[in-house]
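Down below is the structure, laid out as C-alpha coordinates.
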Amino acid sequence: MRPKYSGKTTAPVLAVLLIFAVPGVGAAASLAGSKGDIHFYPYLPKSPKDQCTMAYNAYVAAGGHSAYATTPYARIRSLYIICGSGLNAPSQKAAEERAMKSCESARSHYKVITGAGCEVAASK
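Below, the structure is given as C-alpha coordinates:
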(Lines of atoms letter the chains of each structure in order from A and count residues from 1; the text may use other names and numbers.)
(Lines give C-alpha, C1' and ligand atoms only; values in the text may rest on other atoms or scores of the structure.)
Protein backbone atom coordinates (compact mmCIF):
# COMPACT_ATOMS: atom_id res chain seq x y z
CA MET A 1 0.00 0.00 0.00
CA ARG A 2 1.25 3.49 -0.86
CA PRO A 3 1.18 6.48 1.54
CA LYS A 4 -1.24 9.19 0.45
CA TYR A 5 0.90 12.35 1.00
CA SER A 6 4.52 11.17 0.53
CA GLY A 7 4.87 12.43 -3.06
CA LYS A 8 3.54 15.90 -2.23
CA THR A 9 5.88 16.58 0.70
CA THR A 10 9.11 15.13 -0.68
CA ALA A 11 9.69 17.78 -3.36
CA PRO A 12 9.26 20.84 -1.09
CA VAL A 13 11.48 19.32 1.60
CA LEU A 14 14.24 18.60 -0.93
CA ALA A 15 13.91 22.13 -2.36
CA VAL A 16 14.40 23.68 1.09
CA LEU A 17 17.42 21.46 1.77
CA LEU A 18 18.93 22.45 -1.58
CA ILE A 19 18.47 26.16 -0.85
CA PHE A 20 20.29 25.85 2.48
CA ALA A 21 23.02 23.56 1.12
CA VAL A 22 24.11 25.67 -1.88
CA PRO A 23 25.50 28.73 0.02
CA GLY A 24 27.57 26.39 2.22
CA VAL A 25 29.28 24.86 -0.80
CA GLY A 26 30.83 28.16 -1.89
CA ALA A 27 31.93 29.07 1.61
CA ALA A 28 33.65 25.71 2.14
CA ALA A 29 35.67 25.84 -1.09
CA SER A 30 39.20 24.68 -0.45
CA LEU A 31 42.35 26.22 -1.90
CA ALA A 32 44.04 22.81 -2.02
CA GLY A 33 45.62 22.10 -5.39
CA SER A 34 45.54 25.77 -6.43
CA LYS A 35 48.77 27.56 -7.33
CA GLY A 36 47.19 30.90 -6.39
CA ASP A 37 48.61 34.24 -7.49
CA ILE A 38 51.94 33.62 -9.22
CA HIS A 39 54.31 36.57 -8.78
CA PHE A 40 57.08 34.74 -10.63
CA TYR A 41 57.67 31.08 -11.42
CA PRO A 42 60.14 29.71 -8.89
CA TYR A 43 63.00 27.48 -9.97
CA LEU A 44 62.48 24.05 -8.44
CA PRO A 45 65.21 21.42 -8.43
CA LYS A 46 64.26 18.23 -10.23
CA SER A 47 64.67 16.07 -7.13
CA PRO A 48 61.37 15.46 -5.30
CA LYS A 49 63.38 15.10 -2.07
CA ASP A 50 64.80 18.64 -2.30
CA GLN A 51 63.61 20.85 0.57
CA CYS A 52 62.37 23.66 -1.70
CA THR A 53 60.52 21.23 -3.97
CA MET A 54 58.84 19.69 -0.92
CA ALA A 55 57.97 23.15 0.46
CA TYR A 56 56.41 24.20 -2.87
CA ASN A 57 54.42 20.97 -3.12
CA ALA A 58 53.17 21.49 0.45
CA TYR A 59 52.15 25.05 -0.52
CA VAL A 60 50.13 23.81 -3.50
CA ALA A 61 48.51 21.03 -1.41
CA ALA A 62 47.57 23.34 1.49
CA GLY A 63 43.86 23.99 1.82
CA GLY A 64 44.06 27.41 3.48
CA HIS A 65 45.74 30.73 2.75
CA SER A 66 49.39 29.96 2.04
CA ALA A 67 52.46 31.47 0.40
CA TYR A 68 55.82 30.35 -0.99
CA ALA A 69 58.87 32.64 -0.89
CA THR A 70 62.23 32.00 -2.47
CA THR A 71 65.40 33.67 -3.63
CA PRO A 72 65.25 34.31 -7.36
CA TYR A 73 67.57 31.94 -9.20
CA ALA A 74 70.12 33.29 -11.64
CA ARG A 75 73.11 31.15 -12.60
CA ILE A 76 75.27 34.24 -12.92
CA ARG A 77 74.57 35.58 -9.42
CA SER A 78 73.93 32.55 -7.27
CA LEU A 79 74.33 28.80 -7.25
CA TYR A 80 71.83 28.15 -4.49
CA ILE A 81 68.16 28.52 -3.74
CA ILE A 82 66.74 29.34 -0.35
CA CYS A 83 63.02 29.14 0.25
CA GLY A 84 60.32 29.31 2.87
CA SER A 85 56.59 28.81 3.11
CA GLY A 86 53.69 29.93 5.24
CA LEU A 87 50.84 27.43 5.28
CA ASN A 88 47.20 27.71 6.34
CA ALA A 89 47.35 31.26 7.67
CA PRO A 90 44.26 33.31 8.57
CA SER A 91 44.73 35.54 5.49
CA GLN A 92 46.79 35.75 2.32
CA LYS A 93 48.79 38.68 3.70
CA ALA A 94 49.60 36.77 6.89
CA ALA A 95 50.71 33.78 4.81
CA GLU A 96 53.02 36.00 2.76
CA GLU A 97 54.54 37.45 5.94
CA ARG A 98 55.12 33.95 7.35
CA ALA A 99 56.74 32.78 4.11
CA MET A 100 59.06 35.79 3.99
CA LYS A 101 60.02 35.32 7.65
CA SER A 102 60.75 31.63 7.01
CA CYS A 103 62.88 32.39 3.95
CA GLU A 104 64.82 35.21 5.65
CA SER A 105 65.39 32.95 8.65
CA ALA A 106 66.93 30.32 6.37
CA ARG A 107 69.15 32.99 4.75
CA SER A 108 70.45 34.08 8.15
CA HIS A 109 70.87 30.46 9.33
CA TYR A 110 73.09 29.65 6.34
CA LYS A 111 74.81 33.06 6.61
CA VAL A 112 74.11 33.93 2.96
CA ILE A 113 75.17 37.45 2.06
CA THR A 114 75.44 37.22 -1.73
CA GLY A 115 72.67 36.94 -4.28
CA ALA A 116 69.20 38.34 -4.14
CA GLY A 117 66.95 38.49 -1.10
CA CYS A 118 63.77 36.52 -0.58
CA GLU A 119 60.66 37.35 -2.55
CA VAL A 120 57.12 35.95 -2.50
CA ALA A 121 56.84 33.75 -5.57
CA ALA A 122 53.22 32.64 -5.12
CA SER A 123 50.40 33.08 -2.64
CA LYS A 124 46.77 32.11 -2.26
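Just add 718 to wherever you are in the sequence shown, counting from 1, and you've got this note's numbering. All C-beta atoms, glycine included, are put in the ideal place defined by N, C-alpha and C.
Return helix, strand or coil for residue i, following the three-state DSSP convention.
i	result
Cys836	coil
Ile831	coil
Ser841	strand
On the DSSP letters alone, give me the boundaries of the alpha helix (DSSP H) that residue i sits inside.
i	result
Ser820	Gln810 to His827
Ala807	Looking at the DSSP string, Ala807 is not in any alpha helix (DSSP H); the run it does join, the beta strand (DSSP E), is Cys801 to Ala807.
Val778	Gln769 to Ala779
Assign residue i to one of two classes, buried (16 or more other C-beta atoms within 10 Å of its C-beta) or exposed (fewer than that).
i	result
Ala776	exposed
Gly804	buried
His827	exposed
Pro779	In the sequence as displayed, the identity of residue 779 is Ala instead of Pro. Under this definition Ala779 is an exposed residue.
Ile800	buried
Gly802	buried
Tyr798	exposed
Ala750	exposed
Tyr786	buried
Ser748	exposed
Tyr774	buried
Identify the continuous beta strand (DSSP E) that holds residue i and give its terminal residues.
i	result
Thr788	His783 to Thr788
Please work out which residues of its chain come closer than 8 Å, Cβ to Cβ, to residue i, disregarding the five sequence neighbours upstream and downstream, and give them in chain order.
i	result
His757	Glu837, Val838, Ala839, Ala840 and Ser841
Met772	Pro766
Ser823	Gly802
In chain order, what residues of the same chain lie with their CB nearer than 6 Å to the CB of residue i, ignoring the 5 residues before and after it?
i	result
Asp755	Ser841
Tyr791	Tyr761 and Ile799
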